[in-house]
Amino acid sequence: MRHAEVGFLMTDEVVSVIGRTPSADVSALLVEHDISGVPVLDEDDRVIGLVSRTDLLALGHLNARELMSAPAVTVHAELSVAETARLMTRRGVERLPVVDEEDRLVGIVTRRDLLRVFLRPDHEIRRCLIEDVLGETMGIGSDSVDVHVLDGVVTLDGRLARGSQIPVALRLARQVDGVVAVTDRLTARFDDSRLTPTDRSTKSVPR
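In our numbering, each number is its position in the sequence shown, counted from 1, plus 2.
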């Protein structure tokens, strides 16, 4: 299990401009699309800067290259939502261009996009825990663990086959986006904490 990545949240239809775009045209685009800024691209679609509403307050008839803030702060699609949120806060920006390995523009992500993850409803968190964490990742049936979620606080209550599964379940649960804290009420039928990894794979587990 991993935190949601920017690539799953970004908008791939991005309003952008090139360096020679006049300031009047940039301003018109911001108003038309109700956005706070646009990335500036070179001839190979690489992001070279960003023009914001603040930049447009500069005097004179300038083009996007002359107005833009550079170098542009960008992220890759594989970056986690948490890391992206920290970067936005640290750099004081509301949106970040998403680029590929060659710095070509592939999308845009905003604070509003990130909030969709952090404001994840309890029922969606519970579904993810039951189906993705316990079921698909750990192979634990829904009848083994009772999952309760209230305001992002998760309680796991049940009996697993092996003691070594408990810290794994807790760690994966904490990694689910939207989870604030995890309360552990798990027990195990068999304590394999003193066994080596090889022993754990060969020892039979009491039913």
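Don't be surprised by glycine CBs; every beta carbon is placed ideally from N, CA and C.
Status (buried if at least 16 other CB within 10 Å, exposed otherwise) for residue i
i, result
"A26", "exposed"
"L98", "buried"
"A30", "exposed"
"S54", "buried"
"R209", "Residue placement at R209 is flagged as unreliable, the pLDDT there being 41, under the threshold of 50; the coordinate-derived value follows with that caveat. Label assigned to R209: exposed."
"V33", "exposed"
"T189", "exposed"
"T91", "exposed"
"D46", "exposed"
"D148", "exposed"
"D102", "exposed"
"V151", "buried"
"A171", "buried"
"A72", "exposed"
"V182", "exposed"
"L174", "buried"
"G94", "exposed"
"D179", "buried"
"L59", "exposed"
"T56", "exposed"
"D159", "exposed"
"T86", "buried"
"D115", "buried"
"T23", "buried"
"V207", "Residue placement at V207 is poorly supported in this model, since its pLDDT is 43, which falls under 50; the coordinates still yield a value, given next. Exposed, since its Cβ has fewer than 16 Cβ neighbours within 10 Å."
Run of the beta strand (DSSP E) containing residue i, from where it starts to where it stops
i, result
"F192", "183 to 192"
"L152", "147 to 152"
"S25", "S25 -> not in any beta strand (DSSP E); alpha helix (DSSP H) instead, spanning 25 to 35."
"L43", "39 to 43"
Beta bridge counterpart(s) of residue i as assigned by DSSP
i, result
"S166", "Its beta-bridge partners do not exist; DSSP assigns none."
"H78", "V101"
"G160", "V147, L188"
"R48", "R106"
"V53", "V40"
"V155", "L152, A183"
Residue span of the alpha helix (DSSP H) that contains residue i, given as start and end
i, result
"I110", "Per DSSP, I110 belongs to no alpha helix (DSSP H); it is in the beta strand (DSSP E), 107 to 112."
"L11", "Per DSSP, L11 belongs to no alpha helix (DSSP H) and is neither H nor E."
"I127", "124 to 129"
"R22", "Counting along the chain, R22 falls outside any alpha helix (DSSP H), and DSSP gives it neither H nor E."
"M90", "83 to 93"
"A66", "66 to 69"
Neighbour flag for residue i against chain C, beta carbons, 9 Å
i, result
"D57", "Checking the listed chains, one finds no chain C in this structure; it contains a single protein chain."
Any 3 or more C-beta pairs closer than 8 Å across the stretch 131 to 142 and the stretch 34 to 47:
Using a C-beta cut-off of 8 Å, the stretch 131 to 142 makes no contact with the stretch 34 to 47, since fewer than three inter-stretch Cβ pairs fall below that distance.
Per the contact definition of three or more C-beta pairs closer than 8 Å, is the stretch 72 to 81 in contact with the stretch 131 to 138?
At 8 Å Cβ cutoff, the stretches do not touch.
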